[in-house]
Amino acid sequence: MNDAPLTQTRFQALLEAYGAQPERWPEHERNAAIELLNSSESARVLAREQHELDTWLSVPSIPKISAKLILSLNAIPEKQGKLLLARRLRIRTLWVPALGWAAATAVGIWLGARSASADRYVVKSDDAAETAAQIENERLAISGGLFDDSEAP
Amino acid sequence: MSHSHGREQPDDDALLIVRVGEGDADAYRDLVRRHAERLHLFVLRLLRNSADAEDVVQETFLRLWLHATDYKPTARVATWLHRIAHNLAFDRMRSLRHFEEIDDDSDPTQGDGPQPDILDVKRDAETLHRALDALPVRQAAAMVLVHLNGLSGKEASEVLDVSEGALESLLTRARRNLKARMGNLSGADSGGIQ
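If you read the protein sequences in the order shown, they are chains A and B.
This note's numbering numbers the first residue of the first sequence as 21 and each following residue consecutively.
This note's numbering numbers the first residue of the second sequence as 124 and each following residue consecutively.
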């Protein structure tokens, strides 16, 4: 709470914005404004100038909210209740399927990695066999060539 | 409804909203009973269309029901609900391309806006609301928040997302406009206000 004295100018600004009812004045300036109001006749004159508008603003407000709207608002929990319950349950129990999903993913990755390793081995094996077959073919070709040479007249 | 209504039992509101977060429909209905009318009044001043205002109030309370656990007790529940309603109303205004109506500097007493029929006015609630409808949207919103719904200046500035100084400026201009209108009406009735 600010206890610094209020200037007349600031007091007038408060009145013009918030009116003459002290409960509307900003809390940190309220005590000082009340003090000025109690001690200054010119401050009271300024306050009276705002009084009529304050009275006008205090009349019961209309239009009243419709009964239909009240019914609709009160029906929201029933209409949305199942959805909300499902949503909250889903959040609360989310860790169970999440854990299962994570485990399945981990197993999948592990199996995938193993499979990839095996594939690489097979490829290497095929490569070796192919290379061996190629060498053998070349050897036969060379042998054949020598034989052909030896059969030549 | 009175301006003091907004300051009722704020601690109870905070307890109720915790219960709403646990799915307590009775607590939710208590909050509807406490706040629906003031929120409707506020949104109606922003949108100036009853059907749109009712839609926004319903959406506000739907969010309360679904997202009560998001409430942080740094602000009163009333402030939190007004803030949600304000944002929803402004979204709707943007979607309806009514945003150009939010002109804080205009002086409705000099413009072509809706004017109360001075032959048919008395200083009553209907006249007040017609006068509020004639204000620029943000001036009317500030007036409703502080003078009718009982929010403090600080709370109203949070709802409208403006500084407290800017809120005071809105209130000052709004009150001047209303006083001018009131003077016109009174002049028509009884020869002026002294």
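Cβ atoms here follow ideal geometry from the backbone N, Cα and C, with glycine treated the same way.
Contact check, residue 188 (chain B) vs residue 96 (chain A) under 8 Å by CB: the rounded distance?
-> 5 Å
Can you tell me whether residue 136 (chain B) is buried or exposed, with buried defined as 16 or more other CB within 10 angstroms of its CB?
-> buried
Write down every uninterrupted run of the alpha helix (DSSP H) in the region 23-82 of chain A whose length is 4 residues or greater and which is fully enclosed by it, in chain order.
-> 28-38, 47-59, 61-77
Quick one: does residue 54 (chain A) have its CB under 8 Å from some CB of chain B?
-> no
Grouping DSSP H, G and I as helix and E and B as strand, with all else coil, what is residue 196 (chain B)?
-> coil
Pull up the distance between the alpha-carbon of residue 192 (chain B) and that of residue 55 (chain A), whole angstroms please.
-> 43 Å
Can you find a CB in chain B that lies within less than 8 Å of the CB of residue 94 (chain A)?
-> yes
State yes or no: is the beta carbon of residue 179 (chain A) nearer than 8 Å to at least one beta carbon in chain B?
-> Residue 179 (chain A) lies beyond the stretch modelled for chain A, which goes from 21 to 173, so this question has no answer here.
Inter-residue spacing [alpha-carbon to alpha-carbon] between residue 260 (chain B) and residue 299 (chain B) | 15 Å
Does the ligand GTP have a heavy atom nearer than 7 Å to the CB of residue 212 (chain B)?
-> The ligand GTP is absent from the structure shown, which contains no ligands of any kind.
Straight-line gap, residue 277 (chain B) to residue 67 (chain A) (C-alpha atoms, nearest Å) = 22 Å
Which residues mark the beginning and the end of the alpha helix (DSSP H) in which residue 284 (chain B) is found?
-> Careful: residue 284 (chain B) lies outside any alpha helix (DSSP H) and carries neither H nor E.
Within the 8 Å Cβ cut-off, does residue 76 (chain A) reach chain B?
-> yes
Is there a Cβ from chain B that is less than 8 Å from the Cβ of residue 61 (chain A)?
-> no
Between residue 175 (chain A) and residue 50 (chain A), what straight-line distance do the alpha-carbon atoms span, to the nearest angstrom?
-> The question about residue 175 (chain A) has no answer here: the residues shown for chain A are numbered 21 through 173.
Inter-residue Cα distance where the pair is residue 304 (chain B) and residue 28 (chain A) | 26 Å
Boundaries of the alpha helix (DSSP H) in which residue 189 (chain B) is found, first to last residue | 173-190
Give a yes or no on whether the minimum CB-CB distance between residue 203 (chain B) and chain A is below 8 Å.
-> no
May I have the straight-line CA-CA distance separating residue 52 (chain A) from residue 26 (chain A), to the nearest angstrom?
-> 6 Å
Residue 256 (chain B), DSSP secondary structure in three states | helix
Residues of its chain near residue 186 (chain B), where Cβ-Cβ distance is below 7 Å and the 5 sequence neighbours each way are ignored = 207
Tell me, please, whether the CB atom of residue 181 (chain B) is closer than 8 Å to any CB atom in chain A?
-> yes
Please compile the residues from chain A whose C-beta is within a distance smaller than 9 Å of the C-beta of residue 305 (chain B).
-> 72, 73, 76
Mark residue 157 (chain A) as exposed unless 16 or more other C-beta atoms lie within 10 angstroms of its C-beta, in which case mark it buried.
-> exposed
Closer than 8 Å, Cβ to any Cβ of chain A: which residues of the region 259-275 of chain B, in chain order?
-> 266, 269, 270, 271, 275
Buried versus exposed call for residue 85 (chain A) [16 or more other C-beta atoms within 10 Å across all chains shown] = buried
What residue does the alpha helix (DSSP H) around residue 153 (chain B) start on, and which one ends it?
-> 148-170
Determine the chain A residues that contact residue 318 (chain B) at a beta-carbon separation under 8 Å, and present them in chain order.
-> No statement about residue 318 (chain B) is possible, as the shown extent of chain B runs from 124 to 317 and does not include it.
Under 8 Å between C-beta atoms, does residue 185 (chain B) make it to chain A?
-> yes
In chain A, which residues lie with their C-beta within 8 Å of the C-beta of residue 155 (chain B)?
-> 90, 93, 94
Chain E partners of residue 169 (chain B), CB-CB under 8 Å?
-> Annotation note: the requested chain E is absent from the structure, which comprises protein chains A and B.
DSSP state of residue 84 (chain A) mapped onto helix, strand, coil | coil
Sorted by chain position, which residues of the same chain lie with C-beta nearer than 7 Å to residue 293 (chain B)'s C-beta, five sequence neighbours on each side aside?
-> 227, 261, 262, 265
So, is the C-beta of residue 174 (chain B) closer than 8 Å to a C-beta in chain A?
-> no
From the DSSP output, in three-state form, read off residue 144 (chain B) for me.
-> helix
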